[in-house]
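Step one of this worksheet: look at the structure below.
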Amino acid sequence: MRLHRIVVLLAATVLVSTANGSIAKMTQPNLPAVARSFAAAQHDAPAKRMLRIDSPVVNDEERGFTDKIAGLAKSVEMKWDLRTLLKNGKSSDDALAYLKLDSGVDGLLSNPKLNNLAKYISKYNKKFPESKVTMVGTLTKQYGDDAVAGMLVAGLEMKSPDAKAMAQKLQGEQFRLWHDDGKSYGQVFELLKLKEAANPLKGDVFAAWRSYMDVYNKHAGELKTTELEVLRSVYSDRDLAALLVKVKFDPESGITVMNLERGLYNSWVEKKVAPGKLLKKVFGLKPGAELTRYDNAVLSEYKRWWWAAAAK
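This is the structure we're talking about:
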């Protein structure tokens, strides 16, 4: 490893020397005969006057060449190191760490090194077809499904066409991974840690879950379901009703809450659950059980809903 780095640095040094020599030749004045005579007459002028001709511009050109060579050396070294990792059978997790893509999802989609990781994974899968890996699987192992899902939703709104295309590709991979693993919509909801959120019905992670459900639910045929039915598989009716009360006035989730609340209350009305029977029949509470403020809020709201339905 040390030997190849020395070779790279030596190559860079040679290139820099060559570049500097080229610059020096470029700065030699190519003057006509009359001008050369005049220049000869100025031979005794102070050295500082002679040097003015090539100070700022040439220095900038030299720095530009040097920076390009340094960048080339780093690129060659990176390719060599990744090739060594692959030769030694190192996983995509090792490549992720080597490329320093393991320090957070912020700016990840616009990081050019993500393409290096994609190439590494492609080569890895060709070399080890029995243990194939995916880009999204590698990122998920490092950051978790929720962080990656939120990043990809945000990435779909990025101005960079390349970053946006990468987000679309990876989101497709993530959805297929969940689907191929047989994850239900409810399981994905919990996998994304939405149940742990103060308001799970808003934000990029919720948008990712909703997109996943939309993609597969439209082709589900007889198994087609609704968001309400899925949430009732995740929460009890009591807990779901309480959640809807809690986040009802959040402007980011207001419409979603309104639709869910309507569906939930209508399902109770259709089952002819009178307000007086709600606590026992739906919430499973015994007579005299202590009620939370959310229980009371739901009961109060449902009474209005019940009588409005009865008046129709």
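Note that the sequence shown covers residues -18 to -1, 1 to 294 in mature numbering (1 follows the signal peptide of the UniProt record, and there is no 0). Each residue gets a CB set at the ideal place from its N, CA and C atoms; glycine is no exception. These numbers come from a predicted model, not from an experiment.
Q: Kindly provide the ranges of any alpha helix (DSSP H) runs that are 4 or more residues long and lie completely inside the stretch 162 to 188, ordered along the chain.
A: Listed in chain order, the complete alpha helix (DSSP H) runs (minimum 4 residues) inside the stretch 162 to 188 are 167 to 173.
Q. What are the uninterrupted segments assigned as alpha helix (DSSP H) that are 4 or more residues long and contained completely in the stretch 70 to 120, given in chain order?
A. For the stretch 70 to 120, whole alpha helix (DSSP H) runs of length 4 or above, ordered along the chain, are 74 to 80 and 95 to 109.
Q) Do you know how far the Cα of residue 155 is from the Cα of residue 100? A) Here the C-alpha atom of residue 100 lies approximately 13 Å from the C-alpha atom of residue 155.
Q) According to the neighbour-count rule (16 or more other Cβ atoms, all chains shown, within 10 Å of its Cβ), is residue 205 buried or exposed? A) Taking all protein chains in view, the Cβ of residue 205 is surrounded by fewer than 16 other Cβ atoms within 10 Å, so the residue is classified as exposed.
**Q.** Whole alpha helix (DSSP H) elements within the stretch 208 to 244, 4-residue minimum
**A.** Runs found: 209 to 216 and 219 to 228.
Q | Sufficient close CB pairs (3 or more, under 8 Å) joining the stretch 193 to 201 to the stretch 238 to 253 | A | Proximity of the stretch 193 to 201 to the stretch 238 to 253 falls short of the contact definition, fewer than three beta-carbon pairs being nearer than 8 Å.
**Q.** Beta carbon of residue 190 nearer than 8 Å to that of residue 134
**A.** Yes, Cβ-Cβ distance for residue 190 and residue 134 is below 8 Å.
Q.
Mapping the DSSP letters down to three states, classify residue 157 as helix, strand or coil.
A. In this structure, residue 157 counts as helix in the three-state DSSP scheme.
Q) DSSP state of residue 151, grouped into three classes? A) It is helical.
**Q.** Where residue 142 falls: helix, strand or coil (DSSP)
**A.** Reduced to three states, the DSSP call for residue 142 is coil.
Q. Does the distance from the CB of residue 106 to the CB of residue 115 come in under 8 Å?
A. Cβ distance < 8 Å, so residue 106 and residue 115 count as in contact.
Q: Buried or exposed for residue 209, please, with buried defined as at least 16 other CB atoms from any protein chain shown within 10 angstroms of its CB.
A: With 16 or more Cβ atoms within 10 Å of its Cβ, residue 209 is classed as buried.
**Q.** Contact under 8 Å by Cβ, residue 281 with residue 260
**A.** Closer than 8 Å, so yes.
Q. Alpha carbon to alpha carbon, how far is residue 256 from residue 293?
A. Across the structure, residue 256 and residue 293 are spaced so that their CA atoms are roughly 14 Å apart.
Q: Give the secondary structure of residue 202 by DSSP, where H, G and I count as helix, E and B as strand, and everything else as coil.
A: Coil, per DSSP.
Q | Euclidean distance between Cα positions of residue 164 and residue 175 | A | Roughly 18 Å separates the two Cα atoms.
Q.
In the DSSP assignment, the alpha helix (DSSP H) including residue 272 goes from what residue to what residue?
A. First-last for residue 272: undefined, no H or E at that position.
Q: Using beta-carbon positions only, say whether residue 184 and residue 232 come within less than 8 Å of one another.
A: With contacts defined by Cβ atoms closer than 8 Å, residue 184 and residue 232 form a contacting pair.
Q. Nearest-angstrom Cα distance between residue 268 and residue 222?
A. Taking the straight line from one Cα to the other gives about 19 Å.
Q.
Can you tell me whether residue 246 is helix, strand or coil according to DSSP?
A. Residue 246 falls in the helix class under three-state DSSP.
(Q) Cutting at 7 Å between CB atoms, please list the residues of its own chain near residue 138, excluding the five before and the five after it. (A) Excluding residues up to 5 positions away in sequence, 146, 149 and 150 lie with their Cβ nearer than 7 Å to the Cβ of residue 138 in the same chain.
(Q) Just to confirm before moving on: does the CB-CB distance between residue 167 and residue 239 stay below 8 Å? (A) Residue 239 is positioned such that its CB atom lies no closer than 8 Å to that of residue 167.
Q | Close-in-space but distant-in-sequence residues of the same chain around residue 71 (CB under 6 Å, 5 per side omitted) | A | Closer than 6 Å at the Cβ level, and outside the excluded window around residue 71, lies no residue.
Q. Should residue 182 go down as buried or exposed, given a rule of 16 or more other Cβ atoms within 10 Å for buried?
A. By the 10 Å Cβ count, residue 182 comes out buried.
Q) Under three-state DSSP, which class holds residue 254? A) Note: residue 254 maps to coil in three-state DSSP.
Q: Return the residue from the list 252, 287 and 220 that minimises the CA-CA distance to residue 262.
A: Cα-wise, what sits closest to residue 262 is 220.
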